[in-house]
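What follows is a short report on a single structure.
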Amino acid sequence: MDEPTGDPGPPEPDTKETAAGGTGMTTGGLARRLGVSPTTLRSWDRRYGLGPAVRADGRHRRWTPQDVAVLEAMCRLTSAGVPPAEAARAAREAAAGTVTHERRAAPEVQNPPRPPAPQVASSAALPADDRPSGSGRRGQAAATLPLGDVRQECRGLARSAVRLDAPAVDSQLTSAVQRYGLAVAWEEVMVPTLHAVGRKWASSGDRYVEVEHMLSWHISTVLRRVTPVSRTGVPDSAPGPVVLACVPGEQHTLPLEALNAGLTEHGMPTRMFGAAVPAEALTAAVRRLGPAAVVLWAQARSTASLPLARHVAATQWGVRGARRHPMVVLGGPGWAGRSAQGMLRPPSLNEALSVLKARYESGVPVG
1 MDEPTGDPGP
11 PEPDTKETAA
21 GGTGMTTGGL
31 ARRLGVSPTT
41 LRSWDRRYGL
51 GPAVRADGRH
61 RRWTPQDVAV
71 LEAMCRLTSA
81 GVPPAEAARA
91 AREAAAGTVT
101 HERRAAPEVQ
111 NPPRPPAPQV
121 ASSAALPADD
131 RPSGSGRRGQ
141 AAATLPLGDV
151 RQECRGLARS
161 AVRLDAPAVD
171 SQLTSAVQRY
181 GLAVAWEEVM
191 VPTLHAVGRK
201 WASSGDRYVE
211 VEHMLSWHIS
221 TVLRRVTPVS
231 RTGVPDSAPG
241 PVVLACVPGE
251 QHTLPLEALN
261 AGLTEHGMPT
271 RMFGAAVPAE
281 ALTAAVRRLG
291 PAAVVLWAQA
301 RSTASLPLAR
311 HVAATQWGVR
321 GARRHPMVVL
331 GGPGWAGRSA
341 QGMLRPPSLN
351 EALSVLKARY
361 ESGVPVG
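Position 76 (the sequence shown) corresponds to 76 in full-length UniProt numbering; numbering is contiguous.
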């Protein structure tokens with residue numbers, strides 16, 4: 001996989017004494033903090049006047065905390081889909097308001113005014129990583145993650161994740177669910193960004209591990225936040241809940257969390273057991289709950305056990321003469337290529353929701 005354009009390169013000290021005796025962040029250090037390239041910072045300086053207040057020895061840039069605050073605002077706005085020129089103007093205006101307030105409190109502090117930002121006639125004049133695209137439409141890769149042809153929301157989410165900007169990540173994930181619904185937000189915003197992080201992690205050694213962990217945690221948080229409480233007071237004649245469990249040895253729970261949220265959103269009761277459920281515990285839960293269906297997730301072929309799936313499908317409950325057993329649904333790439341007669345393998349979240357909803361609403365027992 002290609003390396004991201006404008007990689008910040010070898011580390012350099014984040015701060016250094018300036019000619020005036022203060023300290024300032026270097027361009028490389030600031031680029032790593034924001035998750036953009038030094039080339040992008042120089043472009044924003046040249047095009048929009050978002051340059052550093054201090055240039056040591058007349059050449060080396062040193063970014064003050066005020067400069068950093070302006071650029072953080074710029075990054076948040078562009079991640080939200082605001083065109084760069086408008087984002088720069090808003091970031092400068094917000095900074096100007098802060099500076100005015102500080103000057104009133106301390107009149108002796110004087111800062112030279114920033115030059116006006118040059119106007120950009122069209123997005124075609126921008127570097128590739130600065131070109132805006134329409135909200136909700138598909139655009140090219142963002143920041144340092146190779147996203148490809150994805151929704152614009154992926155672009156902003158990737159930039160915020162690389163910057164480790166937790167508030168922005170949470171806000172963008174919540175907004176995507178509210179705008180598109182859970183299933184579309186999962187399949188077209190969350191999953192492509194997660195895959196991009198995973199590919200970058202695999203190709204860059206241990207880099208971006210922290211990005212993957214933070215993004216996964218926030219996706220899990222948002223999925224649980226939008227998950228309604230399973231309905232209570234279900235009649236005794238209604239089918240049992242849908243049981244969701246990762247097979248033994250499997251730790252990837254996010255797809256199951258998305259399915260759990262979608263099922264409860266549709267009014268179906270669920271029991272989520274999470275990662276690496278022991279076979280004995282899973283069998284005991286099936287006998288106790290009498291579920292309408294059991295979803296078994298396996299991310300890898302090494303964890304996808306057909307004997308376990310067949311054992312769960314054959315697990316029975318009820319009185320003699322009226323025994324029942326669950327419908328088993330296999331989820332995850334680990335089951336690919338496996339012959340699982342009598343078990344379903346829906347290819348997407350929407351398909352899984354449709355299959356399980358139809359099964360639950362039919363109320364037809366599996367004999």
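Every residue, glycine too, gets a C-beta built ideally from N, C-alpha and C.
Note that this is a predicted model, so its numbers are computed, not measured.
Given this structure, state the Cα-to-Cα distance separating P38 from T27, to the nearest angstrom. Roughly 6 Å separates the two Cα atoms.
Does DSSP put M327 in a helix, in a strand, or in coil? strand
If I measure Cβ to Cβ from L30 and keep anything under 6 Å in the same chain, skipping five residues before and after, which residues do I get? W63
How would you write the range of the alpha helix (DSSP H) that A336 sits in, first residue to last? First-last for A336: undefined, no H or E at that position.
Apart from the five residues on each side of it in sequence, which residues of its chain come closer than 7 Å, Cβ to Cβ, to T227? N260, A261, T264
Could you compute how far the alpha carbon of P347 sits from the alpha carbon of V247? 18 Å
With burial defined as no fewer than 16 other Cβ atoms inside 10 Å of the residue's Cβ, what is the status of P278: buried or exposed? That one is exposed.
Can you give the Cα-Cα distance for A183 and L349, rounded to whole angstroms? 7 Å
Can you say whether A125 is buried or exposed, counting buried as having 16 or more other CB atoms within 10 angstroms of its CB? Its pLDDT being 28, under 50, A125 is placed unreliably in this model, and the coordinates cannot settle the point.
Just list the residues that DSSP pairs A245 with in beta bridges. As computed with DSSP, A245 is found in a beta bridge with G274, L296.
Using a Cβ-Cβ cutoff of less than 7 Å, which residues in the same chain neighbour L223 once the five nearest sequence positions on both sides are dropped? E257, A258, A261
I need the DSSP call for M268, collapsed to helix, strand or coil. coil
Does the beta-carbon of G24 have 16 or more other beta-carbons within 10 angstroms, so that it is buried, or is it exposed? buried
Assuming T283 and V312 are in contact, meaning their beta carbons sit under 8 Å apart, how far apart are those beta carbons, in whole angstroms? 7 Å
Could you say which of V191, L289, R199 lies nearest to S216 if we only look at CA atoms? When C-alpha distances from S216 are compared across V191, L289, R199, the shortest belongs to V191.
Taking its Cβ as the centre, do 16 or more other Cβ atoms sit within 10 Å of G337, making it buried, or is it exposed? exposed
What residue range is occupied by the uninterrupted alpha helix (DSSP H) comprising P167? 166-180
Return yes when the Cβ of G332 is within less than 8 Å of the Cβ of Q299, no when it is not. yes
Proximity below 8 Å, CB of V355 to CB of V329: yes
Mark R287 as exposed unless 16 or more other C-beta atoms lie within 10 angstroms of its C-beta, in which case mark it buried. exposed
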